[in-house]
Structures are given as structure tokens and as C-alpha cells.
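Q: Numbering-wise, our numbering comes out as the position in the sequence shown, counting from 1, plus 1360.
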Amino acid sequence: MGLKENFNQALKELINKGGLVGSELEEKSKTKSNLDSYLDMPAKDEPASHGQSVSGFDQESSRLAMSMGETDWQNPPNFEDHTVYQSDGYTSAQSGDYGRMFRQSDEMTVISKSTMIVGDIRTLANITIDGNVRGKVDVLKDANIRGMLIGDLVCSNTEMKGSSVQGNVFAKGSTYIDNDSILLGDLTAQFASIDGKVKGNIEIGSKIELHPNAIVAGDINTNTISIADGANIKGFINTTFLKEHGDSAFPKQVIMENAETNG
1361 MGLKENFNQA
1371 LKELINKGGL
1381 VGSELEEKSK
1391 TKSNLDSYLD
1401 MPAKDEPASH
1411 GQSVSGFDQE
1421 SSRLAMSMGE
1431 TDWQNPPNFE
1441 DHTVYQSDGY
1451 TSAQSGDYGR
1461 MFRQSDEMTV
1471 ISKSTMIVGD
1481 IRTLANITID
1491 GNVRGKVDVL
1501 KDANIRGMLI
1511 GDLVCSNTEM
1521 KGSSVQGNVF
1531 AKGSTYIDND
1541 SILLGDLTAQ
1551 FASIDGKVKG
1561 NIEIGSKIEL
1571 HPNAIVAGDI
1581 NTNTISIADG
1591 ANIKGFINTT
1601 FLKEHGDSAF
1611 PKQVIMENAE
1621 TNG
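#1: Quick one: using the 10 Å Cβ neighbour count with 16 as the cut-off for buried, is T1661 buried or exposed?
#2: With T1475 and G1491 assumed to form a contact (beta carbons below 8 Å), what rounded beta-carbon distance in angstroms separates them?
#3: Hey, quick one: how far does the beta strand (DSSP E) through L1509 stretch, first residue to last?
#4: Look at the alpha carbon of I1510 and the alpha carbon of Y1536, and state the distance between them as a whole number of angstroms.
#5: Assuming F1530 is part of the beta strand (DSSP E), what are its boundary residues?
#6: Can you check whether the CB of G1533 is closer than 8 Å to the CB of S1553?
#7: In chain order, what residues of the same chain have a beta carbon less than 6 Å from the beta carbon of M1508, not counting five sequence neighbours either side?
#8: Out of curiosity, what's the CA-to-CA distance linking D1512 and S1608?
#9: Drop a sphere of 10 angstroms on the beta-carbon of V1497, count the other beta-carbons inside from all chains shown, and report buried for 16 or more, exposed for fewer.
#10: What distance in whole Å lies between the Cβ atoms of L1570 and A1588, which are believed to be in contact at a cut-off of 8 Å?
#11: What number of angstroms, rounded off, separates the C-alpha of G1479 from the C-alpha of V1558?
#12: Rounding to the nearest angstrom, what Cα-Cα distance links N1539 and L1484 in this structure?
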């Protein structure tokens, strides 16, 4: 008990130094000091309530929120660029500043006159050969030959103008050879129009036309043939009809019936 009495005595002496003991401490705490008068001053710019005064920024925010609230939630505002550009005939992948400046159907591989290529060429586009090529040319589309080619040519359609080709030509469609062109090799196509010189065998699935300046040294196998006056051919010409109906077109022999005369 001595320790508890000493603690209470020390606490009373500590409080007594401030001049406040018992009820005096409670009454003194209710008295406001000069510092409390400054702390209790109401703020001049503080609005009396939330609904009485709203700043300009809050008003603008409220109007924006109301406008957004009226917007259909299923159709949110779209801020993307809806500018409509007129079509220029190019595909979507080719449009734009960095797109290719040619149409897909007009894609062309060009070998210029001053160019010489040693090696094979394979392209998925059309090709025009104005220069010299030594090697095989494999083209998915059409081939225009105006220069010199030493090697085989595979394409869909071909046109030879003022050209010299040494090699076999295989065209899935048509072949045109003008009077200034020469072909040293075999020709295979569905249709052929020849007005130049060809030294080699010709296989045509449909029809071949030989114009007045045509000179052919080789056999011709075709379905039908048209030969103009002045064309020269050195070789055999076989048509599909003779291959299929050669035996039935002619009788095996000529039979002469003996006429009996009564007299």
C-alpha cells in the first residue's frame, strides 16, 4: 500500500503545479483560450451546404455527367475517324502512302533492253523480256518476249514480237509469233497464230493458223489447221480427226462388182 500512496501523492503534486485541482480542472477546460477563438472561425469560402453553391468547374463536370447519362449505354460515343475515302481501284492492302502503286491485275516483271540475266526466272506475275535472258523462264501468267531468250519458256499465254527464242515453249493458252520472230524449239499450246519462223515440232490442242510469212520446219499435230497462201511447211501435218478416225475414213479396198450381161 505504500507504493500506491506514493504514486497518488506524486500525481497530486504534478497537477497542483498547473494550478488546477479537482473541479477547477474541469471548469478550466471549458474556458476557451485565444487559440481556440482562431480555430473556431468559420471558413469564408466554405459553402453552407452541398446544394447551395457549386464552383464553375463542378458545374461543367455535372453537365458532362448528365450528358453522358443521357447517352444510350448500348451505343457509346465513338471517337474514331469516320472519314470516307473514295476508292481508287486498288485493293485495301495496296492503298495508302506506302502501298504499291499498281493494280493487282497489272503486276509486271520487266527485263529492260539493257539488262542481261544468266539464270532461271520464276514469277507469279506477268513478264516482259526486252533484254537478254539465258535460263529457264517459268511464268504463272502471260509472257511478252521482245528480246532474246536462250532457255525453255513456261507460261499461260505468250506473245513474241521481234524476238529470238532458242528453247521449248509450253503455253497453257495461246501463242502469237509475228513475222520478225524466230523459234528454235518445240511449241506446245492450245492455240497458235504463226507468221514467223519455227524450227521444231508443234503440238496444238485446238487450232493453228499459219499466215503468209510463216515458215515451219517440223511436224504439226493439231485439231484443225488454217494455212494462208504463202506459208511454207517442211514436215508432216497430223490432225485429230485422222488420229481417231483414220481407219474408218477409208475403205480397206475398192471392190468392183462384175456386171452380168445377157445376150
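Even glycine gets a Cβ: it sits at the ideal position worked out from N, Cα and C. None of the values given here were measured: they were computed from a predicted structure.
A: With the given structure in hand:
#1: The structure shown does not extend to residue 1661, since the chain is modelled only from 1361 to 1623, so the question has no answer here.
#2: Locating residue 1475 in the sequence shown gives position 115, where the first residue counts as 1. Locating residue 1491 in the sequence shown gives position 131, where the first residue counts as 1. At roughly 4 Å, the Cβ-Cβ gap stays under 8 Å, so T1475 and G1491 are in contact.
#3: Within the sequence shown, residue 1509 is the residue found at index 149, counting from 1. Counting along the chain, the unbroken beta strand (DSSP E) around L1509 starts and ends at 1508-1510.
#4: Within the sequence shown, residue 1510 is the residue found at index 150, counting from 1. Within the sequence shown, residue 1536 is the residue found at index 176, counting from 1. Rounded to whole angstroms, I1510 to Y1536 spans 18 Å at the Cα level.
#5: If you number the sequence shown from 1, residue 1530 lands on position 170. Per DSSP, F1530 belongs to the beta strand (DSSP E) from 1529-1531.
#6: Taking the first residue of the sequence shown as 1, we reach residue 1553 at position 193. Taking the first residue of the sequence shown as 1, we reach residue 1533 at position 173. No; because the gap between Cβ atoms is not below 8 Å, this pair is not in contact.
#7: The sequence position of residue 1508 within the sequence shown is 148, counting from 1. These residues qualify, in order along the chain: N1492, S1524.
#8: Walking along the sequence shown from the start, residue 1512 turns up at place 152. Walking along the sequence shown from the start, residue 1608 turns up at place 248. Roughly 39 Å separates the two Cα atoms.
#9: Here the question's residue 1497 lines up with position 137 in the sequence shown. With 16 or more other Cβ atoms inside 10 Å of its own Cβ, V1497 counts as buried.
#10: Against the sequence shown, residue 1588 aligns to sequence position 228. Against the sequence shown, residue 1570 aligns to sequence position 210. The pair is a contact, with the Cβ atoms about 6 Å apart (cut-off 8 Å).
#11: The residue given as residue 1479 occupies position 119 in the sequence shown. The residue given as residue 1558 occupies position 198 in the sequence shown. Our two residues, G1479 and V1558, have alpha carbons roughly 24 Å apart in a direct line.
#12: On the sequence shown, position 179 is the one that residue 1539 refers to. On the sequence shown, position 124 is the one that residue 1484 refers to. Cα to Cα, the separation comes out at about 29 Å.
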